[in-house]
Amino acid sequence: MRGLITPQRLAIGAVCLASLVVCCGLAYWQWDRFSQAGGTFQNLGYVFQWPLFGLFPAFMVWRIRRLDARRRAEAAAGTAGAADEAAPEPVAAPSRPVVTVEPVRAPVRDDEDEELAAYNRMLAELNARDQR
């Protein structure tokens, strides 16, 4: 097992603690603004919001460690499960090729619908212009 105290972990802890201290200071500042005559309920909202911002880095560290532990447990279970199972037998290739047949469609005639025929003529003219 890796060492419990490493420079990287100390740095992460220091950043989380600094974030909490700074955000609690900002919450206190917002409380002072709320307590003054010109204070609003928006300032009071920030009083509750800043500590949450300060706790967010610590939450992310906790969440990342939890996901990493879950990934390691799944990987360990996957390697143990793969060793127990025998390799599946290969599936034989079909002896004849598979042929797909598209359904036969009746040809569309332009004279059946005058509006459709006019639209098709317009598309043909536009296509002819684009080809030039």
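Each residue of the sequence shown is one higher than the one before, counting from 29 in the numbering used here.
All C-beta atoms, glycine included, are put in the ideal place defined by N, C-alpha and C.
Between the alpha carbons of V119 and A104 lies a distance of about 29 Å. DSSP, reduced to helix, strand and coil, places G106 within a helical segment of the structure shown. The C-beta distance from W78 to A55 rounds to 4 Å, short enough to meet the 8 Å contact threshold.
Take W59, set aside five residues on each side of it, and the residues of its chain with a beta-carbon closer than 6 Å to its own are V75, in chain order.
Here G82 is buried, its C-beta having at least 16 other C-beta atoms within 10 Å. Every candidate beta strand (DSSP E) stretch fails here, since none sits fully inside the segment 54 to 85 while reaching 3 residues.
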